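Under the working numbering, think of the first position of the sequence shown as 8, with each following residue one higher.
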Amino acid sequence: MNTTDHQYVLELLDMAGAPLTEVRATTDWEPARQWVRLAALRQHKVLPDELTTTAIEPVWHSTVGQPYVSGFRVSLNADGRAVLCMDFPITYWKELAQQASAPLVQEGRLKSGQDFLYQVAAYSLEADRSESRAHPFTVEEAQAPLPCQEGRLAEHLRRSVPVGSVTSHDMPVFIGPEVLEETDSLKEAAGTRESGGVLIGHLYRDGAVPEWFAEVTAQIPARYAPAEEMRLTFTPETWTDVQAAIELRARDEIRLGWWHSHPRRHWSKSDGPACAASKGSAEFFSADDRLLHRAVFPAAYSIGLVLADTHLGGELWTTSWAAYGWRFGSIERRGFYLAGVRGLALTQEMYRHTGGEI
C-alpha cells in the first residue's frame with residue numbers, strides 16, 4: 008500500500024520574492040518509490056520477490072517551518088518491518104515548476120528563459136479523510152519480482168573500464184563494445200533520421216558486496232518505429248517485435264533500457280530547429296525522451312543511451328556516448344562500464360565509440 012497524508016502546493020515567485028502563482032502539485036511519486044526499493048535491494052535489505060509498501064511524508068523546512076518543506080521522505084516497509092527511509096530534495100518538483108511557469112510566459116508575466124523561484128508547501132489531508140471513513144478501503148500494489156541471477160561484481164569490474172562519471176549512487180551497468188558498434192552502424196544507415204532500439208540483458212545480485220548490477224548483452228533495433236529528423240516514435244508493434252526477439256533468443260534476458268541517436272552531422276546542414284540543435288550539447292535528453300523513459304522504463308535500474316555525432320571542426324565528426332538513468336527519482340546523466348576491454352589495447356574505433364572518455 009502506498010500512502011501520503013498531505014497535498015503539496017507549488018508557489019512560484021519572481022526573483023524579488025513577489026508571488027506569481029500557486030498551483031496544486033500533482034506529484035508523480037513512483038520514481039521515488041522505485042529508487043528506494045532498488046536501494047533496499049542493492050543493500051540486500053529486501054528480497055527480489057518480497058512485497059513492500061511505502062509511505063510518503065513531508066520534511067519540514069528547517070528555518071521557515073510548516074507548511075513549507077525542504078523535501079519529502081519515503082519510508083519502505085516489508086512484512087510489517089521498517090526497511091529503509093530516504094529523503095528527497097525540493098528539486099524533485101523542478102520539472103513541475105517549469106511546467107507551471109509556462110502559462111506565466113504566455114500571459115507575459117515572465118519572459119521566456121527568465122529565472123524565477125519556487126517553494127513547496129504541504130497541507131494535511133486528515134480532515135478530508137475523516138469525511139470518507141464510513142467507506143474505508145485499502146489498495147495493495149502487486150509487485151512483479153525482479154528476475155535476477157547470482158553474479159560477481161569484481162569479475163565484471165576486472166575486465167571493464169568506466170565511461171563517463173561513475174558514482175556510487177548509480178547501480179553499475181556494463182555494456183559490451185559490440186553493442187555500441189551495432190548501434191553506430193544503425194545510426195549511419197539511418198542517415199538524416201533518428202534511429203533507436205531497446206537494450207536487453209540481465210540483472211545480477213552479488214551477495215558478497217552486497218550490490219546489484221546489470222549487463223547489457225544485446226540491442227534490438229526499433230522496427231515499426233516511425234523515424235523523423237528529430238523524433239523517433241515507439242509503437243505497440245515495436246514492443247511486440249522486441250518481445251518476440253527476446254523470446255527467440257531464449258536467454259532469459261529482460262529489457263534494461265533503450266538507445267537513440269542524434270545525427271547532428273546532418274542536422275547542421277538543415278534549416279530550423281534541427282540546425283539549432285546541432286550547435287548545442289550533443290548528448291542531450293529531450294523532454295520527449297524523458298516522457299518515453301518515464302512511461303516505458305520506470306524501473307530505477309533502467310538506462311537510456313544517446314549516440315551522437317560530435318563536431319571536431321571542419322568536416323571532421325566523431326561519435327560520442329552519454330548514458331542517462333534514474334537517480335533519486337529524477338533522470339540524470341550517469342556513467343557506465345565498457346565491458347570486456349581491460350588489458351586489451353584500445354583501438355581508435357573503440358576510443359571513438361566512448362567519446363574519448365576512458
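No residue lacks a Cβ here, since even glycine has one placed at the ideal position from N, Cα and C. The structure presented is a predicted model; accordingly, all values stated were derived computationally and were not measured.
Sub-9 Å separation of residue i and residue j beta-carbons
| i | j | result |
| --- | --- | --- |
| I310 | V180 | yes |
| W333 | A307 | yes |
| E264 | L206 | Sequence check: residue 264 is Gly here, not Glu. In this structure, L206 lies closer than 9 Å to G264 by Cβ. |
| V16 | A32 | yes |
| E102 | R297 | yes |
| L117 | F123 | yes |
| R212 | P270 | no |
Close-in-space but distant-in-sequence residues of the same chain around residue i (CB under 8 Å, 5 per side omitted)
| i | result |
| --- | --- |
| P26 | E18, L19, L20 |
| T59 | R44, A47, V53, L83, N84, A85, V90, Q150 |
| R80 | I63, E64, P65, V66, C92, M93, D94, F95 |
| V348 | R166, S167, V168, P184, M357 |
| W100 | Y15, L17, A32, T34, Y125, V127 |
| S69 | S77 |
| S119 | V112 |
| M22 | D122, F123, L124 |
| A196 | S202 |
Close beta carbons around residue i, own chain, < 7 Å, minus the five adjacent residues each side
| i | result |
| --- | --- |
| E244 | Y231 |
| V71 | none |
| D248 | R230, Y231 |
| H176 | R334 |
| A107 | L17, L19, T28, V30 |
| V186 | V223, A225, Q226 |
| A104 | L17, L19, Y125 |
Contacting residues, own chain, Cβ-Cβ under 6 Å from residue i (five flanking each side not counted)
| i | result |
| --- | --- |
| V303 | none |
| F343 | V170, V180, I182, A330 |
| E366 | This structure cannot speak to residue 366, because the chain is shown only from 8 to 365. |
| S202 | L193, K194, S268 |
| P280 | Annotation note: pLDDT 49 at P280 (below 50); position unreliable, coordinate value reported separately. Around P280: no qualifying Cβ. |
| Q422 | Any question about residue 422 goes unanswered here, given that the chain covers just 8 to 365. |
| A283 | Confidence at A283 is low in this model, with a pLDDT of 44, below 50, so its placement is unreliable and no value can be given for it. |
| V173 | G342 |
| A252 | I227 |
| R258 | none |
For residue j and residue i, believed in contact at Cβ under 8 Å, the rounded distance
| i | j | result |
| --- | --- | --- |
| P74 | Y130 | 6 Å |
| P305 | E37 | 6 Å |
| Q226 | G204 | 5 Å |
| P55 | C155 | 5 Å |
| V76 | V127 | 5 Å |
| Q224 | E260 | The sequence as given places Thr at residue 224; Gln does not occur at that position. So it is a contact: roughly 6 Å between Cβ atoms. |
| H163 | A294 | Incorrect: roughly 34 Å between the Cβ atoms, too far for contact. |
CA nearest to the CA of residue i, picked from the options
| i | options | result |
| --- | --- | --- |
| L160 | T190, L210, R116 | L210 |
| D12 | Q50, A62, C155 | A62 |
| H51 | G208, K194, Y15, W219 | W219 |
| E189 | D295, E162, P228, V127 | P228 |
| H300 | R258, L345, T247, T240 | T240 |
| R340 | F292, Q121, G321 | F292 |
| G78 | F335, E114, S172 | F335 |
| T28 | R262, R256, V112, W42 | V112 |
| E49 | Q250, T242, A215 | In the sequence as displayed, the identity of residue 49 is Arg instead of Glu. When only C-alpha atoms are compared, the closest one is A215. |
| R88 | S108, E57, Q106, A109 | E57 |
| L312 | W246, T242, D191, S119 | D191 |
| L153 | A23, Q41, S108 | Q41 |
Residue i: CB within 8 Å of a non-hydrogen atom of the ligand FAD
| i | result |
| --- | --- |
| S327 | With respect to the ligand FAD, the structure shown offers nothing to examine, as it has no ligands at all. |
Query raised in the report: What are the start and end residues of each continuous beta strand (DSSP E) run of 3 or more residues lying completely inside the segment 208-259, in chain order?
Result: 218-228
Query raised in the report: If you scan the segment 50-97 from start to end, which runs of the beta strand (DSSP E) of 3 or more residues do you find wholly inside it?
Result: 59-67, 76-85, 88-96
Report task. Within the segment 166-204, note down every full alpha helix (DSSP H) run reaching 4 residues or more, in order along the chain. Result -> 184-197
Query raised in the report: Where are the beta strand (DSSP E) runs, 3 residues long or more, that stay fully inside the segment 300-342, in chain order?
Result: 310-320, 323-334, 337-341
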